[in-house]
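*Asks:* I'd like to ask some things about the structure below.
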Amino acid sequence: MRTVDVARRAGCSVQQVRNLERDGVLPPARRTDNGYRIYGEIHVRSALAYQALSAGAGPPEARKIIRAAHESAVPAMLALLDAAHARLDTERTELRQAKRAAEAISDEPIEDVRPADSMSISELAAALGVRPSTLRHWDAEGLAIPDRDSTRGTRRYTPAQVRDARIVHQLRKAGYRIEPLRTLMPELRRTRRSEEVIAALAARDASIEARSRALLDGAAALSSVLSLVTGNSGS
Numbered sequence: 019m020r021t022v023d024v025a026r027r028a029g030c031s032v033q034q035v036r037n038l039e040r041d042g043v044l045p046p047a048r049r050t051d052n053g054y055r056i057y058g059e060i061h062v063r064s065a066l067a068y069q070a071l072s073a074g075a076g077p078p079e080a081r082k083i084i085r086a087a088h089e090s091a092v093p094a095m096l097a098l099l100d101a102a103h104a105r106l107d108t109e110r111t112e113l114r115q116a117k118r119a120a121e122a123i124s125d126e127p128i129e130d131v132r133p134a135d136s137m138s139i140s141e142l143a144a145a146l147g148v149r150p151s152t153l154r155h156w157d158a159e160g161l162a163i164p165d166r167d168s169t170r171g172t173r174r175y176t177p178a179q180v181r182d183a184r185i186v187h188q189l190r191k192a193g194y195r196i197e198p199l200r201t202l203m204p205e206l207r208r209t210r211r212s213e214e215v216i217a218a219l220a221a222r223d224a225s226i227e228a229r230s231r232a233l234l235d236g237a238a239a240l241s242s243v244l245s246l247v248t249g250n251s252g253s
């Protein structure tokens with residue numbers, strides 16, 4: 019096959035095929051006497067496996083997995099694949115915890131509030147049963163960001179910001195880590211009703227499912243690559 023033939027069957031561009039070969043995702047193509055590349059079935063299957071694994075685990079991990087298959091390093095390949103599934107499983111667990119925590123927080127009226135309804139950092143810390151240093155950490159991480167007094171610079175939490183802190187508090191108690199919260203909270207901050215929070219979490223659930231399906235497809239394609247590598251055929 020020519021480069022363009024691999025590109026058509028894999029659903030990518032000619033340049034992408036060349037890039038994948040350069041990165042070791044595709045094994046080196048044979049060359050004709052005049053320098054033209056000659057590809058085989060293993061190149062098509064490797065490209066397809068990479069695309070699926072990339073969607074499921076990300077391009078860097080997909081490259082590592084495919085390279086391990088080409089090197090017949092089966093234990094390493096399987097370990098990388100297992101690690102990708104484990105990361106998705108962790109995300110699913112965190113998402114279940116987030117859903118339970120979000121559902122536990124009822125709608126709160128936050129419109130038409132008075133300045134007196136705001137809370138100081140010490141008042142909010144006492145209400146949540148956490149240290150003020152914890153709220154400062156959440157502020158630094160962009161999870162629950164208060165207003166600042168223009169003269170003294172002290173933190174004041176509006177009812178909407180108190181809501182953010184309550185959500186963070188519940189998610190942290192449910193085992194949610196800081197890193198995924200950095201991604202989640204800006205999305206939740208844009209919502210003002212519990213059903214919108216749940217909808218945002220459902221969108222993340224759909225994303226995890228799509229990546230899990232991609233890993234499943236990638237594993238099937240990877241198996242066919244491995245059979246060609248071990249059978250020393252298709253090149």
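Quick note: the sequence shown uses the working numbering, first residue 19, plus one each step.
Note that beta-carbon positions come from the ideal geometry of N, C-alpha and C, so glycine has one too.
Everything numeric in this text was worked out from a predicted model, so none of it was measured.
1. Please work out which residues of its chain come closer than 8 angstroms, Cβ to Cβ, to R229, disregarding the five sequence neighbours upstream and downstream, and give them in chain order.
2. What is the DSSP secondary structure of S136, reduced to helix, strand or coil?
3. For I163, name the three-state secondary structure that DSSP assigns.
4. Keeping to the same chain, check which residues put their C-beta closer than 6 angstroms to that of L146; ignore five residues upstream and five downstream.
5. In or out: P45 buried (at least 16 other Cβ within 10 Å) or exposed?
6. Work out the CA separation of A70 and L272 for me, nearest whole Å.
7. Excluding the five sequence neighbours on either side, which residues of its own chain have a C-beta within less than 8 angstroms of the C-beta of G160, listed in chain order?
8. What beta strand (DSSP E) runs, 3 residues minimum, are completely inside the stretch 144-194?
9. Which same chain residues, not among the five before or five after R55, have their C-beta less than 7 angstroms away from its C-beta?
10. Pull up the DSSP beta-bridge partners for R55, would you.
11. Name the residue from G236, L246, E227 and D235 whose alpha carbon lies nearest to the alpha carbon of R110.
12. Alpha carbons only, please: which of N52, L38, P78 and G53 is nearest the one belonging to R63?
13. Flag this pair as yes or no: are the beta carbons of D167 and R174 separated by less than 9 angstroms?
14. Within 10 angstroms of its Cβ, does I60 collect 16 or more other Cβ (buried), or is it exposed?
15. When DSSP labels each residue in this structure, what does D41 get in the three-state scheme?
16. Thinking C-beta only, is L206 closer than 9 angstroms to Q115?
17. Kindly indicate which residue of A94, A102, V92 and Y57 has the alpha-carbon position closest to the one of P77.
18. Using a Cβ-Cβ cutoff of less than 8 angstroms, which residues in the same chain neighbour K82 once the five nearest sequence positions on both sides are dropped?
19. Give the DSSP-derived three-state secondary structure of A73 in the structure shown.
20. Could you please give the first and the last residue of the uninterrupted alpha helix (DSSP H) stretch that includes A28?
21. State the DSSP-derived secondary structure class of A80, mapped to helix, strand or coil.
*Replies:* Considering the structure as presented:
1. Your numbering for residue 229 matches position 211 in the sequence shown. The beta carbon of R229 sits closer than 8 angstroms to those of A73, G74, A75 and L106, all from its chain and outside the five residues before and after it, given in chain order.
2. If you number the sequence shown from 1, residue 136 lands on position 118. Residue state for S136 is assigned as coil, using DSSP reduced to three classes.
3. If you number the sequence shown from 1, residue 163 lands on position 145. For I163, the three-state secondary structure derived from DSSP is coil.
4. For the purposes of this step, residue 146 is identified with residue 128 of the sequence shown, where counting begins at 1. For L146, where only same-chain residues beyond five positions count, the Cβ hits under 6 angstroms are H187.
5. Counted from its first residue, the sequence shown places residue 45 at position 27. With 16 or more other Cβ atoms within 10 Å, it is buried.
6. There is no way to answer for residue 272, as the model of the chain reaches only from 19 to 253.
7. For the purposes of this step, residue 160 is identified with residue 142 of the sequence shown, where counting begins at 1. So the list reads R200, M203 and P204, once near-sequence residues are dropped.
8. Entirely contained in the stretch 144-194, the beta strand (DSSP E) runs reaching 3 residues are, in chain order, 173-175.
9. In the sequence shown, counting from the first residue as 1, residue 55 sits at position 37. Taking C-beta separations shorter than 7 angstroms and ignoring five residues to either side along the sequence, the partners of R55 in its chain run T21, A47 and R49, following chain order.
10. Translated into the one-based positions of the sequence shown, residue 55 becomes position 37. DSSP output for R55 lists R49 as bridge partner(s).
11. For the purposes of this step, residue 110 is taken as residue 92 along the sequence shown, with counting starting at 1. Answer by Cα proximity: E227.
12. In the sequence shown, the residue the question calls residue 63 occupies position 45. In terms of CA proximity to R63, L38 leads the group N52, L38, P78 and G53.
13. In the sequence shown, counting from the first residue as 1, residue 167 sits at position 149. In the sequence shown, counting from the first residue as 1, residue 174 sits at position 156. Contact flag set, yes.
14. The residue you call residue 60 lines up with position 42 of the sequence shown. I60 is buried by the Cβ-count criterion.
15. Taking the first residue of the sequence shown as position 1, residue 41 is located at position 23. In the structure shown, D41 sits in coil (DSSP, three-state: anything other than H, G, I, E or B).
16. Along the sequence shown, read from residue 1 onward, the residue named residue 115 stands at position 97. Along the sequence shown, read from residue 1 onward, the residue named residue 206 stands at position 188. Annotated as distal: Q115 and L206, with beta-carbon spacing of 9 angstroms or more.
17. Within the sequence shown, the letter at position 59 stands for residue 77. With distances taken between CA atoms, P77 lies nearest to A102 out of A94, A102, V92 and Y57.
18. Position 64 of the sequence shown holds residue 82. For K82, where only same-chain residues beyond five positions count, the Cβ hits under 8 angstroms are L98.
19. Here residue 73 refers to the residue found at position 55 of the sequence shown. In the structure shown, A73 falls within a helical segment according to DSSP collapsed to helix, strand and coil.
20. Along the sequence shown, read from residue 1 onward, the residue named residue 28 stands at position 10. Annotation: the continuous alpha helix (DSSP H) that includes A28 extends over T21 to A28.
21. Your numbering for residue 80 matches position 62 in the sequence shown. In the structure shown, A80 sits in a helix (DSSP, three-state: H, G or I).
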